[in-house]
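Asks: Numbering (this note's numbering), first residue to last: 658 to 935.
Here a beta-carbon is modelled for each residue, glycine too, at the ideal position from N, C-alpha and C.
Pasting a structure here, questions to come.
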Amino acid sequence: MRVEGLFSLQGKVIVITGAAGLLGRRHAEAVGIAGGIPVLLDKSEAALREAASYLESKNVPSFHCETLDITNEVDVSTCCEKVLSKFGHVDGLINNAANNPAVKENDDLDKDFSRLENFPLSQWQQDMNVGVTGAFLCAKYFGYAISKNPEGGTILNISSDLGLIAPDQRLYRKEGVSENNQPVKPVTYSVAKTALIGLTRYLATYWADKNVRSNVLCPGGVENGQGGTFIQHVSSRIPLGRMAKADEYQGTVIWLLSQAASYVNGSVISADGGRTTW
658 MRVEGLFSLQ GKVIVITGAA GLLGRRHAEA VGIAGGIPVL LDKSEAALRE
708 AASYLESKNV PSFHCETLDI TNEVDVSTCC EKVLSKFGHV DGLINNAANN
758 PAVKENDDLD KDFSRLENFP LSQWQQDMNV GVTGAFLCAK YFGYAISKNP
808 EGGTILNISS DLGLIAPDQR LYRKEGVSEN NQPVKPVTYS VAKTALIGLT
858 RYLATYWADK NVRSNVLCPG GVENGQGGTF IQHVSSRIPL GRMAKADEYQ
908 GTVIWLLSQA ASYVNGSVIS ADGGRTTW
């Protein structure tokens with residue numbers, strides 16, 4: 658096979674959760690440019706319309722959108738049946754959906770809800786449902802569909818550098834705020850992203866005999882309108898000296914989905930500018 662053919666996704670149906678988000682639509686764009694058919698799943702119909710307009714502006718020739726709450730098993734099962742009915746097969750799954758709770762969930766200055774001792778159980782359950790349970794359910798149905806293909810396929814879970822290291826809470830400190838009320842990165846994001854690494858390893862062995870490869874990508878933070886001071890502080894912790902651009906993960910996504918990565922299975926791929934090496 659020629660080198661350019663190794664990276665082709667021609668005719669491959671790739672399901673993407675959280676596809677209307679900042680990175681989700683970039684994953685969909687990458688799949689489409691590589692010749693695949695991205696199936697965009699997201700809870701928000703309005704956001705999916707915006708994502709569709711984005712893909713059209715990027716000249717992605719073929720894609721499909723479905724609204725879906727990935728925490729609802731009946732809905733996931735039904736959606737999988739619809740996709741199979743339309744395309745006849747599913748070749749890949751990108752578990753990209755996640756809640757990313759704000760550092761501060763409440764304007765009450767006397768009770769910072771981002772702190773562990775104040776963090777609401779309801780928020781924990783919601784974040785874990787989306788980030789972990791949703792990925793499990795999509796693997797259960799779409800992954801099983803992939804395992805039925807004669808040539809198998811791929812599952813790519815999107816974790817984070819915070820699935821490998823703890824948040825540096827110094828990034829979120831505010832002057833003039835008492836120690837007990839200092840904002841922090843909430844607990845659920847790191848826990849959910851770490852859980853995806855465990856799910857990846859499980860899946861990498863579960864359907865290996867069906868040639869279903871499972872890997873996890875751990876991207877670093879993306880510059881997206883954060884304050885200049887925050888960007889500067891984060892960048893100082895990254896050997897490359899900057900945060901990522903939104904499109905800088907596309908090549909890695911195509912590689913992991915394609916035959917170019919045919920012997921890559923159960924791998925944890927860091928793409929964080931070197932942050933987790935420090």
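Using only CA atoms, which one of Leu-778, Leu-914, Thr-886 and Leu-874 lies nearest to Gly-810?
Replies: In the sequence shown, counting from the first residue as 1, residue 810 sits at position 153. Minimum Cα distance to Gly-810 is reached at Leu-914.
Asks: With DSSP run on the structure shown, which of helix, strand or coil describes Leu-874?
Replies: What you label residue 874 is simply residue 217 of the sequence shown in a count that begins at 1. It is a strand residue.
Asks: Would you kindly work out how many angstroms separate the C-alpha atoms of Ser-714 and Ala-687, rounded to a whole number?
Replies: Reading the sequence shown from its first residue, position 57 is the one you call residue 714. Reading the sequence shown from its first residue, position 30 is the one you call residue 687. Computed Cα separation, rounded: 13 Å.
Asks: Quick one: what does DSSP say Leu-766 is sitting in, helix, strand or coil?
Replies: In the sequence shown, counting from the first residue as 1, residue 766 sits at position 109. Confidence at Leu-766 is low in this model, with a pLDDT of 48, below 50, so its placement is unreliable and the value that follows should be read with caution. Residue state, collapsed to three classes: coil.
Asks: So Asp-724 packs on Leu-705, CB below 8 Å; how close in whole Å?
Replies: By 1-based counting over the sequence shown, the position of residue 724 is 67. By 1-based counting over the sequence shown, the position of residue 705 is 48. First, the residue type needs correcting, since residue 724 is Thr and not Asp in the sequence shown. Confirmed, about 6 Å.
Asks: Residues in the same chain with beta-carbon distance under 6 Å from His-721, minus the five sequence neighbours each way, listed in chain order, please.
Replies: Here residue 721 refers to the residue found at position 64 when the sequence shown is read from its first residue. Same-chain partners within the cutoff: Val-696.
Asks: Given this structure, state the Cα-to-Cα distance separating Val-717 from Leu-813, to the nearest angstrom.
Replies: Against the sequence shown, residue 717 aligns to sequence position 60. Against the sequence shown, residue 813 aligns to sequence position 156. Cα-Cα distance, rounded: 21 Å.
Asks: Within 10 Å of its beta-carbon, does Pro-777 have 16 or more other beta-carbons around it, so buried, or fewer, so exposed?
Replies: Taking the sequence shown and counting its residues from 1, one reaches residue 777 at position 120. The residue in question, Pro-777, is exposed, as its Cβ has fewer than 16 Cβ neighbours within 10 Å.
Asks: Ignoring anything shorter than 3 residues, give me the beta strand (DSSP E) runs that lie fully in the stretch 770-818, in order along the chain.
Replies: Runs found: 810-815.
Asks: Could you name the residues that DSSP lists as bridge partners for Ala-928?
Replies: In the sequence shown, counting from the first residue as 1, residue 928 sits at position 271. Per DSSP, Pro-876.
Asks: Can you confirm whether the stretch 786-800 touches the stretch 740-751 when touching is taken to mean that 3 or more C-beta pairs between the two stretches lie within less than 8 Å?
Replies: Counting Cβ pairs under 8 Å, three or more are found: they touch.
Asks: Using three-state DSSP, classify Leu-663 as helix, strand or coil.
Replies: For the purposes of this step, residue 663 is identified with residue 6 of the sequence shown, where counting begins at 1. Note: Leu-663 maps to helix in three-state DSSP.
Asks: With DSSP collapsed to three states, give me the class of Thr-724.
Replies: In the sequence shown, the residue the question calls residue 724 occupies position 67. DSSP places Thr-724 in strand when its eight states are reduced to three.
Asks: Does the beta-carbon of Leu-698 have 16 or more other beta-carbons within 10 angstroms, so that it is buried, or is it exposed?
Replies: Taking the sequence shown and counting its residues from 1, the one referred to as residue 698 is at position 41. Leu-698 is buried by the Cβ-count criterion.
Asks: With a 10 Å radius around its C-beta and 16 neighbouring C-beta atoms as the bar for buried, classify Gly-693 as buried or exposed.
Replies: Indexing the sequence shown from 1 puts residue 693 at position 36. Buried, because 16 or more other Cβ atoms sit within 10 Å of the Cβ of Gly-693.
Asks: For the pair the stretch 778-793 and the stretch 837-856, tell me if three or more CB-CB distances fall below 8 Å.
Replies: The answer is yes - the stretch 837-856 touches the stretch 778-793, with three or more Cβ pairs under 8 Å.
Asks: Excluding the 5 residues flanking Ala-677 on each side, which residues of the same chain have their C-beta closer than 7 Å to its C-beta?
Replies: Counting from one through the sequence shown, the residue named residue 677 turns up at place 20. So the list reads Leu-697, Asp-699, Ser-701, Ala-704, Leu-705, Glu-707 and Ala-708, once near-sequence residues are dropped.
Asks: What's the C-alpha gap between Val-793 and Val-869?
Replies: If you number the sequence shown from 1, residue 793 lands on position 136. If you number the sequence shown from 1, residue 869 lands on position 212. Sequence check: residue 793 is Phe here, not Val. For Phe-793 and Val-869, the distance between alpha carbons rounds to 15 Å.
Asks: Start and end of the alpha helix (DSSP H) containing Thr-934?
Replies: Here residue 934 is taken as the residue at index 277 of the sequence shown, counted from 1. Counting along the chain, Thr-934 falls outside any alpha helix (DSSP H), and DSSP gives it neither H nor E.
Asks: In whole angstroms, what separates the C-alpha of Tyr-863 from that of Glu-808?
Replies: The residue given as residue 863 occupies position 206 in the sequence shown. The residue given as residue 808 occupies position 151 in the sequence shown. Tyr-863 and Glu-808: Cα-Cα distance of roughly 16 Å.
Asks: Using 8 Å for Cβ pairs, my map puts Ile-727 next to His-684. What's the rounded Cβ distance?
Replies: Reading the sequence shown from its first residue, position 70 is the one you call residue 727. Reading the sequence shown from its first residue, position 27 is the one you call residue 684. Actually they do not touch by this definition, with Cβ atoms about 15 Å apart.
Asks: To the nearest angstrom, report how far apart Ile-690 and Val-733 are at their CA atoms.
Replies: For the purposes of this step, residue 690 is taken as the residue at position 33 of the sequence shown. For the purposes of this step, residue 733 is taken as the residue at position 76 of the sequence shown. Approximately 26 Å between the Cα atoms of the pair.
Asks: Going by the DSSP bridge assignment, what does Thr-909 pair with across the sheet?
Replies: The count along the sequence shown starts at 1 and reaches residue 909 at position 252. Answer is none; Thr-909 lacks a bridge partner.
Asks: Pop quiz: Leu-874 and Tyr-920 are said to be a contact at Cβ under 8 Å. What is the actual Cβ separation, rounded to whole angstroms?
Replies: Mapped onto the sequence shown, residue 874 falls at position 217. Mapped onto the sequence shown, residue 920 falls at position 263. With 8 Å as the limit, Leu-874 and Tyr-920 do not qualify as a contact, their Cβ atoms being about 17 Å apart.
Asks: Short of 8 Å in beta carbon distance, which residues of its chain neighbour Gln-780, apart from the five on each side in sequence? Order them along the chain.
Replies: Along the sequence shown, one-based indexing puts residue 780 at 123. Contacts found: Pro-758, Glu-762, Phe-770, Pro-843 and Thr-845.
Asks: In whole angstroms, give me the CA-to-CA distance for Asn-872 and Lys-669.
Replies: Position 215 of the sequence shown, counting from 1, holds the residue named residue 872. Position 12 of the sequence shown, counting from 1, holds the residue named residue 669. In a straight line, the C-alpha of Asn-872 is about 18 Å away from that of Lys-669.
Asks: Alpha helix (DSSP H) containing Gly-745: first to last residue?
Replies: Taking the sequence shown and counting its residues from 1, the one referred to as residue 745 is at position 88. It is not in any alpha helix (DSSP H) - Gly-745 carries neither H nor E in the DSSP assignment.
Asks: Following the continuous beta strand (DSSP E) through Gly-681, name the residue where it begins and the one where it ends.
Replies: Locating residue 681 in the sequence shown gives position 24, counting from the first residue. It is not in any beta strand (DSSP E) - Gly-681 instead sits in the alpha helix (DSSP H) that spans 681-690.
Asks: Asn-752 bridges to which residues according to DSSP?
Replies: Position 95 of the sequence shown, counted from the first residue, corresponds to residue 752. Paired residues: Asn-814.
Asks: Beta-carbon within less than 6 Å of Gly-923's beta-carbon, same chain only, minus the 5 sequence neighbours each way: which residues are those?
Replies: In the sequence shown, the residue the question calls residue 923 occupies position 266. Only Arg-858 and Ala-861 meet the Cβ criterion.
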